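Here's the structure, in structure tokens; my notes come after.
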Amino acid sequence: MVTILIILFVVTLVYVSMVDRLATFVTLLGIQGVLLFGIAYMELRDVDALNLSFILAETLVFKGIVIPWFLQRTLRRNKLVKEAEPTVTHFTSLLFVTAIILVSFLLAYTVHEEHLRIGYFTASLSALFTGLFIIMARTKIITHVMGYLLLENGIFLLSLAVGNEMPLAVNTAILLDLLTSVLLLAFLVDKVGESFQTVDASELNELND
Amino acid sequence: MISIALILLSSVFFIGIVNRTKSIASGRIGPGLLQHLKDIVRLLKKGSVTSTSSSFIFQLAPTISFVTVIVACLFLPFGDQPSILSFQYDVVVFAYLLALGRFSMILMAMDTASPFEGMGANREALYGMLVEPAFFVLAGSFAVLTGHTSLNEIFRDMHLGSGVSYLMAAFAVYVFLQIAMVENSRLPVDDPKTHLELTMVHEVIILDNSGFDLGMILATTSIRFAMFGVLISNFALPPMVPLWGKIIIAIVVMAVFAVVVGLLESFRARNRMKRNPQFIFTLTSIAILVFFTVLILTNKLVL
Amino acid sequence: MRISFILATMISAAMAALSIAWSVPVLVNGQAASFAYGPLVFAIDPLTAFMVVLINIGVLLGMVYGISYLRPYASKSFMEALVHAVAMVTLHGSMLAVTMMRDMVSLLIMWEIMSMSSFLLVLFEGEKARTRRVALSYFIQMHIGAFFLLLATMVLAGQTGSYTFEAMGLFYAQKPAWMLFLPLFLGFGMKAGFLPLHTWLPHAHPAAPSHVSGVMSGVMIKLGIYGILRTILFMHGDQSMLGVAILSVGIITGLYAILQAIVRNDLKRLLAYSSVENIGLLGISIGMAVLGTSIHNDVIATLGWTAVLLHMVHHMLFKVVLFQSAGNIYVATHTRNLNELGGLMRRMPKTITVFVLGALAICGLPPLNGFVSEFLMYAASIEGMKNSGAYFSIVNFFVLITLCLIGGLAIIAFTKAIGVGMLGEPRTEPARHATERSWFMRLPQQIAIGIMIVMAIVPQLMIASISAVIRSFSPNSDIVLASLMPTMTSLGIFNASLVGAVVVVLALRKIATRNAQRREGPTWGCGFTEADARLQYTSTTYADSTVQLISPVVRVHAHMHALNDADVFPHARTYTTDVVDVIEESTIQPPIAGINYALRRLAVFHTGSMRTYILYAFVFIIAIAVVTIMGVI
Amino acid sequence: MLSFSNLDVISLDAIPVLSYGTFLTTVLDHMKANDARHCVNYMGYRLPNGDLECFCVLADDSTSQLFVARYHLAASGTMALPSLSAHYRAFHIFERVLWENHGVQFTDHPWLKPVRYPHDAAHGATIDSYPFFRIEGGEVHEVGVGPIHAGVIKPGHFRFQCTGEDVVHLEIKLGYQHRGIERLMVHPSTMLQRTVLAESIAGDTTIGHTWAFVNAMQALMRGTVSDAVEIERAIALELERIAIHIGDLSALNLDVAYQLGSAVLGALRTPMINFFQWWCGNRFGKGLLRVGQNRSSLTPALQDQLVETLDDMERRYRPIADTMFELPSVLARFERTGIVTTEQAHIIGAVGMAARSSGLRRDVRRSHPHGVYRAEDVQTHVLHSGDVMARTYLRKLEIDASITYIRILLDRLRTASRDNGTLEDRPVRELAPRSMVVSMVEGWRGELVHTSITDEHGALVHHSVKDPSMHNWFALALSLRGNEISDFPICNKSYDLSYCGHDL
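Chains as they are written, first to last, in the numbering used here: chain H, -9 to 199; chain Z, 422 to 724; chain G, 19 to 651; chain A, 343 to 846.
Written as structure tokens, this is what we have:
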């Protein structure tokens, strides 16, 4: 079952590489959050109730609901519809992400550490690299934030990959960090939104209201 | 034996069901289920016009394309019922037959000296090249999964058990479904309905064909569609069900397949042409995940 | 003047008869034979015998073609013709000799003769400056290859004290294999055309006359593969990493070369890149075979070696066909630019039909022989995925993807060559006035096609006849081959019956349409009556959508003054493109630029005055004297 | 240049006859003065003595002014003149028509090619032998579409210069539907015949063209119609706008293969045009508008029916419009496809919705209002991205605006007077002699300009028709540059230009 969720998680990465509508990207992030919730729930059932509920809150509530909702709202408010022409074509992105998945897998396979579980490790590395790639290849700040969110999802999986050894505190700190940055960004974009949007895009977005 | 009979039978209705679904979805009654067959029969009787620019390739290609699909069908088993033709590694033969059909159709299109058909040929060649890895990765994965290399044995020994294997089957069905859509030039890669020369892939290749050849090409398309239907329905055939049960399952699966195609085509727009390569290559990416899943299933890989 | 070439053909035929007579028994019973001529030892083992057959068929087909291909060159002087004829025979002889040598030194000598004679052949149209430049570049690059071989010889002799091939076995047993294999691979790979050593190929093939390019591409580059095979023959132990390395080089070579072929507008250059692609396929197969041997999987190894050997023969055959057909087209139209051709199928149908068959084969499509060897490669990779651990499973998975990508890309390349260059309407006057060539110019291709058809229908016999060679690589191959034979028989029957099915359906179609009316009319042009040949895809535009996907790997520079917003009514524009071989640009160009720069600097000394030269001589002598006195030398 | 406004009747004698040199500098000076100025008509006709009399009408959108200047070319004099197009590209089409019809050689015209007649007609060449712009080098291929298209569209030939899937340049060759409308207009005929002819200029702009023609005639007759008639005409025009826009939205959906949108919107077009059937007996509004009257008035029963039709239409239209403009696969096709920049639109003098979607505010209803539009309660939308999305979305906005406006007009119609027109009792009168009138109406496609000139006996000597397509075809050509050739159908449909309106 966990395997299925991990594979589905990797599938979302493939689709992340080819979306050109930011809203779809956010939806994919939400799906990832839910998947991570599933994975975490299956893995950590034996952990004490407090920890468990904390992790669940982190995945399902924050990753799955709050952050996507917040991002959607930011998009809608600022009439951000589409990724501006990315620096690399979507086809190249797709090739890259496919390669990233393969390379992560080979890497995971070669490392072959006692505590490392290949599935998690592959998925987390893929998410990490894909996040980095998205940050490098795309131009908009909001997409960068989404790249960071991918990265964070990767780190979360990595913490699962090394068993329960990574202290939850680290993860939580990263999440808080990101949450702050998302909030900051939303604030920022809200403020400067009008100045870099064309009039016509704002009119186009009447349809979103 | 059963598979080829099923293919021929369902190919008669397949396009009909798709079109019917589409027309119902848009609030019309639509053409009868057998309209496509009637069209083909009418075309087969008609006279033909050939281009003065063209050579014998133009005359030969529809026949080659037809034969390749028919022969490819002969390799398809039906559950544990063996196919007519079978030898080791015939998955390769299966794919290369389709490639041969594509090759001949591309040359046929280029033979007419028409820019439209050149356009179609160019797109067909590119998409064909991109779709093939997905098929081979799936075929290779199944070979790994079952330890066999002929379609016959693969489907005979493919037993789905665990949750992961269902996931793999779901992915595989998805990829095959999309391959079928690409190979048969349906949405979102191609749109068989709007007859605009500049936007089509498959339809534009056959712009200059008429009469018997055109009828044969249309027949080829529906048979190829039904062939993928049988291929997909093979995933849904449990080994313990008796033969008649399997046939019923297969017919239901194919009807659902046709309805799904019709519904998919009703509620979305087609891709921008430049988005197609990336869309098609996604299939390979998904197929790669199928391969990994298979590695897990065969315990070559321990998570 | 053709007399000299006809004579040469006769000599070659005699040589072929003799060598085949020696080789066939070796192939049949697997017993090596040898004979000495003075200090030279000619040895024939199964691999050599196999190569002898391959070389002889290829060269003879080329020479027969050359007799009529050379007809338009009657203006050449007797001396030039004689040199050409002698070089041809020498090339033939030296290639045969290369396969028969059993030590590195004599192999190097023969190798050098082979390179020199092929250099002279490339130089045939030496009155063209471009040809001279290409020939010179070929000459230099071949010697870089020879240098690596020399290096390998030194390594071998330095470590084992012997130049013989048996010493290689000794070396491999004691030292890491790559130390010897790397220089050998570089040397032989230069000839074969592995990336990034392929750069001479796409230039030399188009520059050489067509009968020579057929021989060079079909036969001579296989000598590079032979060298690598010969080296591997002495390997043992776990060489799986080496296998993966060869395989990777093969993957990169195949993919890169076929992408280059797609964007080329010069028909012969397209074919040259396709040769490199096939070398890539051979590399992949060799890699898989080495891998299979190393992990003691006889199925993979046997499939791999069978694929390598069969594909060598297959490629020789269809490359000869394709180059000679391209030669016929060149003779008929005097251009190789696909953008200037078109409409040839209606003007020279027999030549073009042969080309289409050749293309079908080289794309690996059924029912021709190319499919048989590609089938084996696929089989090997599927077996590799199936019967090995996760790591090699993934390696073979890459092979599988590469094979089908190469297959698909080859279809693009050759549908482009045929569709743009030969079908449709002629684009220029020369193409419009092209006429069919004589039967004698088509004969060698038809013979080759005949052999190809036989090979496609009875692949099991072909494999049986080279089983001795396969056995020399993989000792347990007989068991595998025995189980493979039914499949190959089925494949042959399948190939034959596919053709049969097409014939049957065609007959049915004929019967069904016997009463139907058939008319001819212009191609549908939307009712526009002034259609012209510009309304067809060109070679450049046919490749464009592929190029856009792979633009970082293959760069096509378009030259056109762009249309800007204000250019509502544009003035006349010209659009041209040129393609850059990225690898050639980054590996070959910088050193050449460096040498050029150095030479320009040296030109300072080149004053043209006799007195300065005497001064140089004087300085030189003094310098020598000083150095000697100082005891440096 | 003489300043006047839409539907003003001006005496020909009030327009000074300039020498060509003065004319050229005057027109250029006027164009330079204000960015909102563009040429609405520039035409010529032969005087009885064989001289060529040419008029150029400029419009200033910011001040609602029109300007006119004229010059004479003696039949015996030189026909080689410097062109206005060399300075302002938008004049190209008018000068090409002058060149084609009257043999005026514009020496520095950048694009002197036939508009309606076969190239080199004198030598018996076919209409297909057109000197297309071509890109040399043998590596670009051409695609020729038309005159017979896939699907039933009107005839025109499109020649693409392509590198693979990308279009470098598109050239459009029309003229297959040349019927000689302008000649038939002055051909001795009754007013009714002329009105029917005006109805047939472009089938999808029946109301627009007829209104423009009828307005011109009414002005020349120095008569007015009642408020109710004016309001009814405005309702008809807005209904036409809604019907065609909805039909185009449906067609756009069809071209991107979005079946649901295409089917639903296609079905919605029918009630709109069917209302015309109820109203006047013809689904396209033929036979509704006549000089001085409307042949059938919008009775209270019809008004109720119209309200009902609109309500029903809106109820079904809103959801599908929302779905369509939110469906990613549809938006992906529309956005950033076929962009025409504001600069380009300005250069070629785009008008109507083609201009409004590229950031130019050009709407005759606001800039040169006539009749009910003087009340200024119709809303004009301007979008800036210039892509297919803008043109599609503009259609939606205009449908909304028109629905609102029709409701306003219906309210006003209930109280409007039906007998304050001066033409009610005597619909056909003599036309004012030696006069000229420019009648501009904002059809759904853009400004329709009918220019009528009478002689000293009050007989029509020239009636010039300018359909917005005259300018906007070039916008289509430009929108394809650098785009994929497979996007041509949606670019084409996003403009939905008139073939017969151009070919006349």
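Just so you know, even glycine gets a beta-carbon here, dropped at the ideal spot from N, CA and C. Please read all numbers here as calculations on a predicted model, not as lab measurements.
**Item:** chain G within 8 angstroms of A/W453, Cβ atoms only
**Value:** Taking the first residue of the fourth sequence as position 1, residue 453 of chain A is located at position 111. Chain G contact via Cβ: present.
**Test: Z/D612 CB closer than 8 angstroms to a CB of chain A** = Locating residue 612 of chain Z in the second sequence gives position 191, where the first residue counts as 1. So yes, Z/D612 belongs to the interface.
**Prompt:** Leaving out the 5 sequence neighbours to the left and right, which residues in its chain are closer than 7 angstroms to A/L702 when beta-carbon positions are compared?
**Reply:** Working through the fourth sequence from its first residue, we reach residue 702 of chain A at position 360. Answer for A/L702: T684, A687, H688, A692, listed in chain order.
**Item:** Within 7 angstroms of chain A by C-beta, residues of the region 523 to 544 of chain G in sequence order
**Value:** G543, C544
**Item:** Span separating the alpha-carbon of A/F448 from that of A/Y735
**Value:** If you number the fourth sequence from 1, residue 448 of chain A lands on position 106. If you number the fourth sequence from 1, residue 735 of chain A lands on position 393. Distance between the alpha carbons of A/F448 and A/Y735: 40 angstroms.
**Item:** Buried or exposed by the 16-neighbour rule on C-beta atoms within 10 Å, applied to A/E541
**Value:** Working through the fourth sequence from its first residue, we reach residue 541 of chain A at position 199. It counts as buried.
**Request:** Under 8 angstroms by Cβ, that's how I've got G/F336 and G/M470 pegged, so tell me the actual separation to the nearest angstrom.
**Result:** By 1-based counting over the third sequence, the position of residue 336 of chain G is 318. By 1-based counting over the third sequence, the position of residue 470 of chain G is 452. Indeed, because the Cβ distance is near 6 angstroms, the residues count as touching under 8 angstroms.
**Request:** Tell me whether H/Q22 is buried or exposed, calling it buried when 16 or more other Cβ atoms sit within 10 Å of its Cβ.
**Result:** In the first sequence, counting from the first residue as 1, residue 22 of chain H sits at position 32. The residue is buried, with at least 16 neighbouring Cβ atoms inside 10 Å.
**Request:** Give me the Cα-Cα distance between G/Y409 and Z/M550, rounded to the nearest whole angstrom.
**Result:** Walking along the third sequence from the start, residue 409 of chain G turns up at place 391. Walking along the second sequence from the start, residue 550 of chain Z turns up at place 129. Roughly 26 angstroms between the two C-alpha positions.
**Asked** Can you list, in chain order, the residues of its chain whose CB lies under 6 angstroms from that of A/C398, leaving out five sequence neighbours each side?
**Response** Mapped onto the fourth sequence, residue 398 of chain A falls at position 56. Taken in chain order, the residues that qualify are V369, Y384, A411.
**Asked** Can you tell me the Cα-Cα spacing of Z/L685 and G/I497, whole angstroms?
**Response** In the second sequence, the residue the question calls residue 685 of chain Z occupies position 264. In the third sequence, the residue the question calls residue 497 of chain G occupies position 479. Roughly 51 angstroms between the two C-alpha positions.
**For A/L631, three-class secondary structure by DSSP** = What you label residue 631 of chain A is simply residue 289 of the fourth sequence in a count that begins at 1. Correct three-state label for A/L631: strand.
**Message:** Bridge partners for A/A422 per DSSP, in chain order?
**Reply:** Against the fourth sequence, residue 422 of chain A aligns to sequence position 80. Per DSSP, A/Q447.
**Request:** Please list the segments of the alpha helix (DSSP H) lying wholly inside the region 768 to 821 of chain A, counting only runs of 4 or more residues, in order along the chain.
**Result:** 811 to 821
**Prompt:** Going by C-alpha distance, which of G/Y555, G/E295, G/A50 is nearest G/I239?
**Reply:** For this step, residue 239 of chain G is matched to residue 221 along the third sequence. It is G/E295 whose Cα lies nearest to the Cα of G/I239.
**Request:** Check the Cβ-Cβ distances between A/A375 and every residue of chain H, and say whether any is below 8 angstroms.
**Result:** As a position in the fourth sequence, residue 375 of chain A is number 33, starting the count at 1. No, A/A375 lies away from the interface with chain H (no Cβ there is under 8 angstroms from its Cβ).
**Message:** Taking the beta carbon of H/V(-8) as the centre, do at least 16 other beta carbons fall within 10 Å, making it buried, or is it exposed?
**Reply:** Start at 1 with the first residue of the first sequence, and residue -8 of chain H comes out as number 2. With 16 or more other Cβ atoms within 10 Å, it is buried.
**Request:** Determine the burial state of A/V801: buried for a count of at least 16 other Cβ atoms within 10 Å of its Cβ, exposed for fewer.
**Result:** Translated into the one-based positions of the fourth sequence, residue 801 of chain A becomes position 459. The residue you asked about is not Val; residue 801 of chain A is Ala in the sequence shown. It counts as exposed.
**Prompt:** How is G/D284 classed by DSSP in three states: helix, strand or coil?
**Reply:** Position 266 of the third sequence holds residue 284 of chain G. In the structure shown, G/D284 sits in a strand (DSSP, three-state: E or B).
**Beta-carbon separation (whole angstroms), G/E401 vs G/I318, contact threshold 8 angstroms** = Here the question's residue 401 of chain G lines up with position 383 in the third sequence. Here the question's residue 318 of chain G lines up with position 300 in the third sequence. Sure, about 5 angstroms apart at Cβ, within 8 angstroms.
**Item:** Spatial distance of H/A127 from A/G680 (CA atoms)
**Value:** For this step, residue 127 of chain H is matched to residue 137 along the first sequence. For this step, residue 680 of chain A is matched to residue 338 along the fourth sequence. Straight-line Cα distance between these residues: approximately 25 angstroms.
**Message:** Mapping the DSSP letters down to three states, classify G/N74 as helix, strand or coil.
**Reply:** For the purposes of this step, residue 74 of chain G is identified with residue 56 of the third sequence, where counting begins at 1. DSSP places G/N74 in helix when its eight states are reduced to three.
**Item:** Z/V603 beta carbon less than 8 angstroms from that of Z/I701
**Value:** To locate residue 701 of chain Z, count along the second sequence from 1; it is residue 280. To locate residue 603 of chain Z, count along the second sequence from 1; it is residue 182. In contact: Z/I701 and Z/V603 (Cβ atoms closer than 8 angstroms).
**Request:** Determine, using beta-carbon pairs with one atom in the region 636 to 653 of chain Z and one in the region 533 to 548 of chain Z, whether at least three such pairs fall under 8 angstroms.
**Result:** no
**Asked** Per the contact definition of three or more C-beta pairs closer than 8 angstroms, is the region 399 to 407 of chain A in contact with the region 702 to 714 of chain A?
**Response** yes
**Asked** Name the chain Z residues whose beta carbon is nearer than 9 angstroms to that of H/V1?
**Response** Position 11 of the first sequence, counted from the first residue, corresponds to residue 1 of chain H. Those within 9 angstroms of H/V1 in chain Z are F592, S706, I707, L710.
**Item:** Pairwise C-alpha distance: G/I29 and G/I246
**Value:** Within the third sequence, the letter at position 228 stands for residue 246 of chain G. Within the third sequence, the letter at position 11 stands for residue 29 of chain G. Whole-angstrom Cα-Cα distance: 29 angstroms.
**Asked** So, helix, strand or coil for H/D199, using DSSP?
**Response** Indexing the first sequence from 1 puts residue 199 of chain H at position 209. Because H/D199 sits at a pLDDT of 33, beneath the cut-off of 50, its placement in the model cannot be relied upon, and the following sentence gives the value as read from the coordinates. Three-state result, H/D199: coil.
**Prompt:** Apart from the five residues on each side of it in sequence, which residues of its chain come closer than 7 angstroms, Cβ to Cβ, to A/R754?
**Reply:** Indexing the fourth sequence from 1 puts residue 754 of chain A at position 412. Correct list, in chain order: I573.
**Prompt:** In terms of DSSP beta bridges, what is A/K374 paired with?
**Reply:** For the purposes of this step, residue 374 of chain A is taken as residue 32 along the fourth sequence, with counting starting at 1. For A/K374, which the question treats as bridged, DSSP gives no partner whatsoever.
**Request:** Indicate whether G/T433 and Z/F524 have their beta-carbon atoms separated by less than 8 angstroms.
**Result:** Start at 1 with the first residue of the third sequence, and residue 433 of chain G comes out as number 415. Start at 1 with the first residue of the second sequence, and residue 524 of chain Z comes out as number 103. Cβ distance < 8 angstroms, so G/T433 and Z/F524 count as in contact.
**Burial state of G/V389, where buried means 16 or more other Cβ atoms lie within 10 Å** = If you number the third sequence from 1, residue 389 of chain G lands on position 371. Note on identity: in this sequence residue 389 of chain G is Phe, with Val being the wrong assignment. Its Cβ being crowded by 16 or more others within 10 Å, G/F389 is buried.
**Asked** Quick one: which chain G residues come within Cβ less than 9 angstroms of A/P460?
**Response** Taking the first residue of the fourth sequence as 1, we reach residue 460 of chain A at position 118. Here the premise fails: no neighbours, minimum Cβ distance about 11 angstroms.
**Asked** Which residues in the same chain have their Cβ closer than 7 angstroms to the Cβ of G/T353, if we skip the five residues on either side of it in sequence?
**Response** As a position in the third sequence, residue 353 of chain G is number 335, starting the count at 1. Closer than 7 angstroms at Cβ, skipping near neighbours: L359, P448.
**Prompt:** In chain order, what residues of the same chain have a beta carbon less than 7 angstroms from the beta carbon of G/N357, not counting five sequence neighbours either side?
**Reply:** In the third sequence, counting from the first residue as 1, residue 357 of chain G sits at position 339. Same-chain partners within the cutoff: N283, R445, T556, S557, T558.
**Message:** Using a Cβ-Cβ cutoff of less than 7 angstroms, which residues in the same chain neighbour G/A10 once the five nearest sequence positions on both sides are dropped?
**Reply:** It is not possible to answer for residue 10 of chain G, since the shown part of chain G is limited to 19 through 651.
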